[in-house]
Amino acid sequence: MYFDEFDLDDRVLDGIDAMGYTTATPVQQEVIPPIIAGRDILACAQTGTGKTAAFLLPIIHRLITEPHEAHKINSLIIVPTRELAVQIAQTLEGMSYFTNVSSIAVYGGSNGALFSAEKKALSSGVDMVICTPGRMIAHLNMGYVKLDSVKYLVLDEADRMLDMGFNDDIIKITSFLPKQRQNLLFSATMPNKIRALAMKILHNPEEINIAISKPPEKIVQEAFVVFEEQKIPLIKHILQQKEFGSIIVFCSRKQNVKQLAHELQRAKFSVEEIHSDLEQDKREQVLMDFKNKKLKMLVATDILSRGIDIEDIDLVINYDVPNDAEDYIHRIGRTARAATDGTAYTIISEKEQRKFARIEEVLGKPVTKAVAPAQLGPVPEYTPKSQRGGGGGGNRGGYGKKRPGGGQGGNRNSGGGNRNSSPRRSEKPQQ
């Protein structure tokens, strides 16, 4: 289905066309029409399905074709992390380029100058605000933010926000909103706590399920069973034995990210770490260097497993076993995107075996166990049924698209270039 079949305003179509997209993903086909019609939405859709464009496009369309108050906040998009806020702002910047829709990303962990810029924009009014819950609460508590003109509320990655403890913040923010508004809730999973939140916020929503349940078949999945102290030597061995392109190593704990990145840097690998302790400017620079191939490898928490679009990842290594099958699929799904193949290695310690076995049960088949290199010495057998506990654990990282450029959006000039009537390519805005 082509985007011009949605009856979107030409200025919106110009932005889509300038970004090189012509056809809509399944979630966009399901979600865009009811949003334009004014329905509340409860959608189960994961990263990579095109859900961000699914809510941005109809909101932009309605803002430029329907009456709304000038110099007021008209749309509020709440997301769990800074990275996702920045990426949505970048996507919004491209899609709204030929309109006069203004936008800003509001997120924590930044310097005072940026907070002041956010305060100025929020005080004077901006059409679309993308925010993290904590940062918006900080602004609301200071008394200058007025949300009584919000017509569109979006909760993106709602399950992750609840996992991170933001339920009360979300409820508090919605208490500042007018009762007459359109509500759009997107979640990668649909547990009872999400439905409970939906009952509090949504009104007679249309339910849509476009969840991805299994990793792509073209990902080569293998696992190594070793002792905990053998993990770093194994990773060094893997990286020395074969030439890979871009690589991401995921760790559940920040302390493991820091230790592994330090060890790999000492071994002269082109690697940087990324986690929530880094300043925002540093994180954005590391991501940009990685996307531009100036940097070969990232060691990261789950901040990169969801929401952030980085193409052409050849290898994903799980330093530890993810918390569950959903996180496993998100992690290894960073590779083998689009038409490329990819490889995913998971390193399993003795205590993590039972947890990995549960992931295999969800996958519906065992993951091939690779033979550990002899120089590591003796390694444990894979006997998950003999374990009593679930093992592992670790802190859930934050997590965070597609158009490179500034993160905060800003005022757009109205007007519009001419939309090319012939499709440029059959790709879709993915996030």
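The sequence shown begins at 4 in my numbering and counts up one residue at a time.
C-beta atoms are modelled at their ideal positions from N, C-alpha and C, and glycine is treated no differently.
Scanning its chain for C-beta atoms nearer than 8 angstroms, with the 5 sequence neighbours on each side dropped, one finds around residue 379 the residues 229, 233, 236, 237 and 240, in chain order. Residue 318 and residue 182 have their alpha carbons spaced roughly 47 angstroms apart. With 16 or more other Cβ atoms inside 10 Å of its own Cβ, residue 77 counts as buried. Looking at 200, 308, 161 and 384, the one whose alpha-carbon comes closest to that of residue 47 is 161.
Unbroken beta strand (DSSP E) runs of no fewer than 3 residues, entirely contained in the stretch 175 to 227, are found at 185 to 190 and 209 to 213, following chain order. Residue 40 sits exposed, since fewer than 16 C-beta atoms from the chains shown fall within 10 Å of its C-beta. Residue 273 sits away from residue 306, with the two beta carbons spaced by 8 angstroms or more.
Bounds of the alpha helix (DSSP H) holding residue 139 are 136 to 144. Residue 259 places its beta carbon less than 8 angstroms from that of residue 322.
Counted as a single uninterrupted DSSP element, the stretch harbouring residue 40 is not any alpha helix (DSSP H), since DSSP gives it neither H nor E. Non-local C-beta neighbours of residue 351 in its own chain, meaning closer than 8 angstroms and more than five positions away in sequence, comprise 226, 227, 228, 229, 324, 359 and 385, ordered along the chain. Nearest to residue 60 by alpha-carbon distance, out of 91, 75 and 74, is 91. In terms of Cα proximity to residue 197, the closest of 219, 158 and 224 is 158. By the C-beta density criterion, residue 172 is buried, having at least 16 other C-beta atoms within 10 angstroms.
Distance from the CA of residue 245 to the CA of residue 135, rounded to the nearest whole angstrom, comes to 40 angstroms. In this chain, the alpha helix (DSSP H) harbouring residue 366 covers 356 to 366. The shortest CA-to-CA distance from residue 199 to any of 117, 315, 170 and 7 is the one to 170.
Of the candidates 25, 42, 53 and 13, 13 places its Cα closest to the Cα of residue 68.
A straight line joining the alpha-carbon of residue 75 with that of residue 302 spans about 41 angstroms. Rounded to whole angstroms, the Cβ separation of residue 328 and residue 370 is 11 angstroms, and the two are not in contact under 8 angstroms. When DSSP states are grouped into helix, strand and coil, residue 106 belongs to the strand group. Rounded to whole angstroms, the gap between the alpha carbons of residue 185 and residue 154 is 6 angstroms. Considering only 53, 52, 89 and 99, the residue with the shortest C-alpha distance to residue 15 is 99.
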